[in-house]
Structures are given as structure tokens and as C-alpha cells.
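Mapping to this note's numbering: the sequence shown position 141 is 151, numbers consecutive. See structure below.
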Amino acid sequence: MSKRVRKAVLPVAGLGTRVLPGAKTTPKEMLNIFDRPILSYIVEEGRAAGIEHFVFVTGRGKGAIEDYFDHHPELESQLEAKGKTEILAEVLRDLARPGEMSFVRQMAPLGLGHAVWCARDIVGAEPFAVILPDMLMAAETPALAQAVAAHDQVGGNIIVVEPVPQGEAHKYGIVALDGRDGRLNRMTGMVEKPAPGTEPSNLFISGRYVLQPEIFEILETQPRGAGGEIQLTDAMATLMGRQDFHALEYEGTTYDCGDKIGLLRANVAFALRRPDVAEAARAAIRALL
Numbered sequence: 011m012s013k014r015v016r017k018a019v020l021p022v023a024g025l026g027t028r029v030l031p032g033a034k035t036t037p038k039e040m041l042n043i044f045d046r047p048i049l050s051y052i053v054e055e056g057r058a059a060g061i062e063h064f065v066f067v068t069g070r071g072k073g074a075i076e077d078y079f080d081h082h083p084e085l086e087s088q089l090e091a092k093g094k095t096e097i098l099a100e101v102l103r104d105l106a107r108p109g110e111m112s113f114v115r116q117m118a119p120l121g122l123g124h125a126v127w128c129a130r131d132i133v134g135a136e137p138f139a140v141i142l143p144d145m146l147m148a149a150e151t152p153a154l155a156q157a158v159a160a161h162d163q164v165g166g167n168i169i170v171v172e173p174v175p176q177g178e179a180h181k182y183g184i185v186a187l188d189g190r191d192g193r194l195n196r197m198t199g200m201v202e203k204p205a206p207g208t209e210p211s212n213l214f215i216s217g218r219y220v221l222q223p224e225i226f227e228i229l230e231t232q233p234r235g236a237g238g239e240i241q242l243t244d245a246m247a248t249l250m251g252r253q254d255f256h257a258l259e260y261e262g263t264t265y266d267c268g269d270k271i272g273l274l275r276a277n278v279a280f281a282l283r284r285p286d287v288a289e290a291a292r293a294a295i296r297a298l299l
């Protein structure tokens, strides 16, 4: 029986060049989606999937992330004194639980694979999740919970995928499948940015993974790949020769918050999902149009 997935690695060291200048002094992961930073939704998704320990792989200038999940005594005491109990409850909701969060530093921008490798000592010898905070997923059953359930079912490594927009497969990592029956299928390979017309499926890797700890041994000696970076997909391709990989076509909608229009779409979509503000948000959008 496979071990339970208890830990998640969140690579948050990137500079957010696609959302500059907004991310110049505010970490891109802390940009707001309606009234909460992106990472608030990501941690909520992880907790709903049973994650007990979040490992943030940070970089220089990312101190606001750690501060957000800590107490702010002056703010909290002022809210309490003024009787703003609802706002105080919102502020306190995201606080880290004791021992729930660790922060490790990625000293140089050497790629996603290197960022994941930086978390090796905290993760240890157990399966773990990787959550890319850029990709915000709206789903009835949270995307990571769907991936963890798939891992509980078949073990091994789980890669969350979704259909690629028509004609855009060459922009993404595309999975190859050993047949296609339902939403969970065995993988036979991955192709990073295939030439148009050569893609092995229409499913791209969309930002949630459950990986076995043997990936760390591969990443330790992984040569640099595309862009001169240590690529997680290269290490996964190597591990696929030794372990099972399954692709899970999750049920939900993904918003790429590392992109300005994606960030805008996420703001609109998540406001419309909120029962307390949906009507006012819809009226505001109609007025603008």
C-alpha cells in the first residue's frame, strides 16, 4: 500500500516577469485574486487535499510570503478593538498552523527541477505533491484532492493534465498515453513543446503533481536542459523508466495567474464564484461592458 501524501512543495522563487511591473516589489504569488492573495487559495486547496506540511521554495525579495502566514499583532489588535470581527476572522483564517510551513531558499534561478530538489531534506522518503502557484484551479473537488485520490487508487506518480487550447500544443508539455479510457490513464512519455502536428495527445501538464521521492536522486545529477535550467520534466521522464506514471484529466478550470490576462480572468471568475459578492461583481462587469 502506498504512503499517504502529507507534504507539498510550492516553488515560489520566480521573478514573475510576465506580470511586471506589478510583481516588482510584491511577489507574484501574493498578487490579489479579488480580495485574497493567490497563495491563500493554493494553501486552501492543499489543506482540502490533506496536506499537513507546505514547503515553500523561496528566493530573494519573497519575505512577504512568510509574513502573510504569520500573525500581525498591531493589525489584529486594532481590528479587535474596533469590533471588526468578520474582517479579523478572515485575516486569521490563513495563519500557518504550528509546524505546518517551512521555507527554504533557492539561491539561483536554476529551474523548476532545482527548486523541487531544494526541498528534498524536508520532504524525506515519502510521496509528495508539487503545486505550481501560478496555476489557480477552480473545481468542485479541489484539483490536488483529485490527484491525491488518484494516487491512493493506483500509487506511483500522478500528473494532472487538461486539454490544450486548439493549436497551442507547441507551447506546453504534452503527455503520451498508453490508451485513453476515462480520466486516469497510464503515461508512456512526455514531450516538451512538440512541433505543431507531432503532439502525442491533446493533454498538457497543468501544474499539480504527486511524485515519489526517488525523483530527488535523479534531480541531484540532472544536467541542465531547456533554457539552461534543471527541468522537472526531464527528471520525470527518467523516473518513468523505473516507475508508473498516470495522467489525471482533472475536472475544473485553470487560470494562469502568471499571465496578465489570465490574472484578470481569475479575478473575474473567482468574484463570480463568491455567493456574497457575485451579484455586485456581475453588475460591475456589465456596467463596464
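Glycine included, every Cβ here is placed at the ideal spot set by N, Cα and C.
Span separating the alpha-carbon of residue i from that of residue j
{"i": "residue 234", "j": "residue 240", "result": "4 Å"}
{"i": "residue 24", "j": "residue 295", "result": "32 Å"}
{"i": "residue 59", "j": "residue 152", "result": "7 Å"}
{"i": "residue 211", "j": "residue 101", "result": "43 Å"}
{"i": "residue 20", "j": "residue 124", "result": "12 Å"}
{"i": "residue 127", "j": "residue 293", "result": "46 Å"}
{"i": "residue 174", "j": "residue 264", "result": "11 Å"}
{"i": "residue 208", "j": "residue 197", "result": "17 Å"}
{"i": "residue 298", "j": "residue 275", "result": "15 Å"}
Helix, strand or coil at residue i according to DSSP, with G and I counted as helix
{"i": "residue 261", "result": "coil"}
{"i": "residue 146", "result": "strand"}
{"i": "residue 87", "result": "helix"}
{"i": "residue 182", "result": "coil"}
{"i": "residue 123", "result": "helix"}
{"i": "residue 275", "result": "helix"}
{"i": "residue 215", "result": "strand"}
{"i": "residue 39", "result": "helix"}
{"i": "residue 139", "result": "strand"}
{"i": "residue 286", "result": "coil"}
{"i": "residue 256", "result": "strand"}
{"i": "residue 226", "result": "helix"}
{"i": "residue 101", "result": "helix"}
{"i": "residue 194", "result": "strand"}
Cβ distance (whole Å) where residue i is taken to contact residue j below 8 Å
{"i": "residue 164", "j": "residue 65", "result": "No, residue 164 and residue 65 are not in contact; Cβ-Cβ is about 24 Å, not under 8 Å."}
{"i": "residue 268", "j": "residue 71", "result": "Not confirmed; about 16 Å, so no contact."}
{"i": "residue 260", "j": "residue 140", "result": "Actually they are not in contact, since the Cβ atoms of residue 260 and residue 140 sit about 15 Å apart, beyond 8 Å."}
{"i": "residue 43", "j": "residue 277", "result": "6 Å"}
{"i": "residue 17", "j": "residue 61", "result": "7 Å"}
Residue i classed as buried or exposed, judged by whether at least 16 other C-beta atoms fall within 10 angstroms
{"i": "residue 30", "result": "exposed"}
{"i": "residue 118", "result": "exposed"}
{"i": "residue 88", "result": "exposed"}
{"i": "residue 116", "result": "buried"}
Residue i CB to nearest heavy atom of the ligand FMN below 8 Å
{"i": "residue 165", "result": "This structure lacks the ligand FMN, and indeed carries no ligand of any kind."}
* Would you call the region 246-256 and the region 161-178 in contact, with 3 or more CB pairs under 8 Å? -> Judged by Cβ distances under 8 Å, the region 246-256 makes contact with the region 161-178, as three or more pairs qualify.
* Could you say if the region 154-162 and the region 242-252 meet the contact criterion of at least three C-beta pairs nearer than 8 Å? => In short, these stretches do not touch, since the Cβ pair count stays below three.
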